[in-house]
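All remarks here apply to the structure that follows.
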Amino acid sequence: MSLGLENKRVIVTASSRGIGYATAKRFLEEGASVVISSENPSSLKRAHESLSGFGRVYSVQADLTKPEEVKALIERGRSLLGGLDVLAYVTGSPKPGNFLELSDEDWYKAYNLLLMSAVVAVREASKHMESGGRIILTTSVTLKQPIDNLDLSNVVRLSLAGLIKSASRMLGKKGILVNGIMQGWTLTERVTQLAKDRAKREGKSEEQVISEIVSDVPLGRIAKPEEIANVVIFLASNLATYVNGAIIPVDGGWIRAAL
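Taking our numbering, the leading residue of the sequence shown gets 350, the next gets one more, and so forth.
The following block contains the structure:
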């Protein structure tokens with residue numbers, strides 16, 4: 350069954366590895382043209398070479414903590430693609446730590462990375478979606494349920510719920526559907542590093558920490574990046590024409606809240 354993504358023009362941010370890479374790959378497999386981005390030129394080059402066998406891909410270097418580079422990424426991406434139909438917005442994660450030990454600089458950097466970058470990207474992308482489009486913001490379960498020692502994520506990501514809801518109401522009138530995804534524990538370099546840090550902090554092995562994480566997920570395992578990417582694809586597809594302003598958990602049931 351066609352998902353209606355053939356020849357769609359897509360920008361996927363932070364896409365040289367992990368969830369962003371998996372998302373870009375899925376769009377290419379569906380026949381879309383894709384712009385990928387990363388602040389690391391060598392990682393971006395490797396990803397471009399790896400993805401080029403799946404379809405039409407372009408790459409743009411951009412640091413998502415710098416709003417001016419986010420704006421330039423959207424403009425350059427639109428130019429390369431000849432237009433813009435979908436923005437799949439993925440970011441890296443801020444440093445771990447609790448609010449007593451994090452510096453003001455840490456907070457400002459997380460604010461720019463997680464919120465201001467998204468504000469700029471949504472605003473700039475929507476300007477180029479004259480005939481409608483899709484904007485999907487990938488965020489974290491910390492938006493709904495805090496995780497110890499991830500205070501930057503717990504606090505700043507919560508603001509994305511307001512952005513998604515506000516943008517969906519305004520842009521929905523223009524045929525631009527705005528939604529979010531709350532990703533759960535996923536097999537990425539970030540989660541591996543978090544497990545190492547927690548193991549060191551608590552005097553445990555990495556295996557013990559991973560086992561404890563998995564034990565709290567009803568499905569009994571950590572997600573693969575492709576499983577997050579598949580929900581992004583759904584929200585961008587012709588199967589989700591009446592989904593707007595939703596923030597969907599993709600966490601294997603980890604979030605305990607009923608609402």
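Just so it is clear, CB atoms sit at the ideal spot from N, CA and C, and this is done for glycine as well.
Please read these numbers as outputs of a predicted model, since none were measured by experiment.
Checklist line | Straight-line gap, L588 to L352 (C-alpha atoms, nearest Å) | finding: Against the sequence shown, residue 588 aligns to sequence position 239. Against the sequence shown, residue 352 aligns to sequence position 3. Cα-Cα distance, rounded: 7 Å.
Next item on the list: Leaving out five residues on either side along the sequence, give the residues of the same chain with a beta carbon under 6 Å from the beta carbon of P495.
Entry: The sequence position of residue 495 within the sequence shown is 146, counting from 1. Contacts found: N503.
Checklist line | First and last residue of the uninterrupted beta strand (DSSP E) at A421 | finding: Locating residue 421 in the sequence shown gives position 72, where the first residue counts as 1. A421 -> not in any beta strand (DSSP E); alpha helix (DSSP H) instead, spanning P416 to L430.
Margin query: Quick check: what's the CA-CA separation for R425 versus E556?
Written below: Stepping through the sequence shown from its first residue, residue 425 is reached at position 76. Stepping through the sequence shown from its first residue, residue 556 is reached at position 207. Straight-line Cα distance between these residues: approximately 43 Å.
Note to self: Check this for me: beta carbons of I485 and V435, under 9 Å apart or not?
What the structure shows: For the purposes of this step, residue 485 is identified with residue 136 of the sequence shown, where counting begins at 1. For the purposes of this step, residue 435 is identified with residue 86 of the sequence shown, where counting begins at 1. Cβ atoms of I485 and V435: closer than 9 Å.
Item checked: Euclidean distance between Cα positions of N356 and S428 -> Here residue 356 refers to the residue found at position 7 when the sequence shown is read from its first residue. Here residue 428 refers to the residue found at position 79 when the sequence shown is read from its first residue. Those two C-alpha atoms are separated by around 15 Å.
Notebook entry, point to check: Touching or not, the segment 515-527 and the segment 576-594, by the rule of three or more beta carbon pairs under 8 Å?
Noted result: yes
Notebook entry, point to check: Who does A572 pair with in a DSSP beta bridge?
Noted result: Here residue 572 refers to the residue found at position 223 of the sequence shown. Answer by DSSP bridge pairing, in chain order: T535.
Check: Is the beta carbon of G533 less than 9 Å from the beta carbon of A510?
Finding: For the purposes of this step, residue 533 is taken as residue 184 along the sequence shown, with counting starting at 1. For the purposes of this step, residue 510 is taken as residue 161 along the sequence shown, with counting starting at 1. The answer is no: Cβ separation not under 9 Å.
Note to self: Can you tell me whether L499 is helix, strand or coil according to DSSP?
What the structure shows: Taking the sequence shown and counting its residues from 1, one reaches residue 499 at position 150. If DSSP states are grouped into helix, strand and coil, L499 belongs with the strands.
Next item on the list: Quick one: give me the first and last residue of the beta strand (DSSP E) that G482 is part of.
Entry: Mapped onto the sequence shown, residue 482 falls at position 133. That run of the beta strand (DSSP E) goes G482 to S489.
Margin query: What does the Cβ neighbour count give for N389, buried or exposed, with the cut at 16 atoms within 10 Å?
Written below: In the sequence shown, counting from the first residue as 1, residue 389 sits at position 40. The residue is exposed, with fewer than 16 neighbouring Cβ atoms inside 10 Å.
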